[in-house]
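A.B. asks: In our numbering, the protein residues as written are 424 to 622.
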Amino acid sequence: MKKHYIIAFLVVLSFLVASVGLFLAGQDFRDSSPPMSGKTDPLDDGTWQDVIEKISAREEVICTYGTLPDLENETERRAWIGILQTYTRVQKKEMKPYLSPDGPILSLGYDVQGYVKVMVEDNHTVGTNETRAWYQILREYGEKTGIKNIPVKVVAASDPAPEISIPVTVQRSPGTRETLSLNASCASMPDMRKTSTKT
424 MKKHYIIAFL
434 VVLSFLVASV
444 GLFLAGQDFR
454 DSSPPMSGKT
464 DPLDDGTWQD
474 VIEKISAREE
484 VICTYGTLPD
494 LENETERRAW
504 IGILQTYTRV
514 QKKEMKPYLS
524 PDGPILSLGY
534 DVQGYVKVMV
544 EDNHTVGTNE
554 TRAWYQILRE
564 YGEKTGIKNI
574 PVKVVAASDP
584 APEISIPVTV
594 QRSPGTRETL
604 SLNASCASMP
614 DMRKTSTKT
């Protein structure tokens, strides 16, 4: 009788080992991150200008606030993008009451142009008081982190998913790099609002 249990146990164990072996054989355990070759993704004047034109042609800007910094070269652009990435990652908690599903903001991020980007449901009528309240929160947090007049763009969108994604490698300090994916544009949106407010 014991012999039957041992045989059954060995059969089950054999199937388990075979299953795990097949699973592991199908996995790729190599490092999937790209090698650090010293090269970075292009964010030169030509590439940057092309992306800016695509953004301008496709997105429906409701209003802008703050001051966009003069990003004259690739180094300045990369440094600013690194600042915005850190800013938006931390800032989302203070904007949580306004984020979907509780509020009209579909997404809070940044774009390659250098704005903090607030994407609002395109069927939501956005009032000036509402956008000013959002900017007040974003500006105050920016000032706490050393960013004066943080540039913010409020955009109407039906979908928070970007249409164009640009990988950019940011060098934070010598020897450390981080690859980001920048949302360069949003899906086409209906031509509903054309007001612009700058402060």
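Note that CB positions come from ideal geometry on N, CA and C, so glycine has one too.
Use the C-beta contact count for Q559: other C-beta atoms within 10 angstroms, 16 or more gives buried, fewer gives exposed.
C.D. replies: exposed
A.B. asks: Run through DSSP, which three-state label would S530 get?
C.D. replies: strand
A.B. asks: Rounded to a whole number of angstroms, what is the C-alpha to C-alpha distance between K567 and V578?
C.D. replies: 25 Å
A.B. asks: Pull up the CB-CB distance for Q536 and I478, whole angstroms please, since I reckon it's below 8 Å.
C.D. replies: 6 Å
A.B. asks: Is the separation between the beta-carbon of K571 and that of Y538 shorter than 8 Å?
C.D. replies: no
A.B. asks: Are the beta-carbon atoms of G532 and K540 separated by less than 8 Å?
C.D. replies: yes
A.B. asks: Should T498 go down as buried or exposed, given a rule of 16 or more other Cβ atoms within 10 Å for buried?
C.D. replies: exposed
A.B. asks: Assign K425 to one of three DSSP states: helix, strand, or coil.
C.D. replies: helix
A.B. asks: Ends of the beta strand (DSSP E) at T487?
C.D. replies: 483-488
A.B. asks: Quick one: Cα of K516 to Cα of L529, how far?
C.D. replies: 14 Å
A.B. asks: Below 8 Å CB to CB, which residues in the same chain sit around L557 once its five sequence neighbours on both sides are set aside?
C.D. replies: The sequence given here has Trp at residue 557, not Leu. For W557, same chain residues with a beta-carbon under 8 Å away, outside a window of 5 residues either side, are M518, Y521, I528, V541, V575, V577 in chain order.
A.B. asks: My understanding is that R555 touches G489, with C-beta atoms under 8 Å, so please give their C-beta distance in whole angstroms.
C.D. replies: About 12 Å separates the two Cβ atoms, so there is no contact after all.
A.B. asks: Going along the chain, which unbroken runs of the alpha helix (DSSP H) with 4 or more residues stay wholly within the region 488-520?
C.D. replies: 497-518
A.B. asks: What residue from L507, E495, T487, D534 has the CA that sits closest to V474's CA?
C.D. replies: Taking only the C-alpha atoms, the option nearest V474 is D534.
A.B. asks: In the DSSP output, what is K540 paired with across the bridge?
C.D. replies: G532, K576
A.B. asks: Closer than 8 Å by C-beta to P492: which residues in its own chain qualify, once you throw out the five before and the five after it? Chain order, please.
C.D. replies: Answer for P492: E499, W503, G537, P574, listed in chain order.
A.B. asks: According to DSSP, what are the bridge partners of L561?
C.D. replies: Partner(s): none; L561 has no beta bridge.
A.B. asks: What does the alpha-carbon distance come out to for the pair R512 and Y564?
C.D. replies: 12 Å
A.B. asks: Under 8 Å, do S523 and D545 count as touching if we go by C-beta distance?
C.D. replies: The answer is no: Cβ separation not under 8 Å.
A.B. asks: Of the choices E482, D467, L507, whose alpha-carbon is the least far from that of V543?
C.D. replies: Nearest of E482, D467, L507 to V543, Cα basis: E482.
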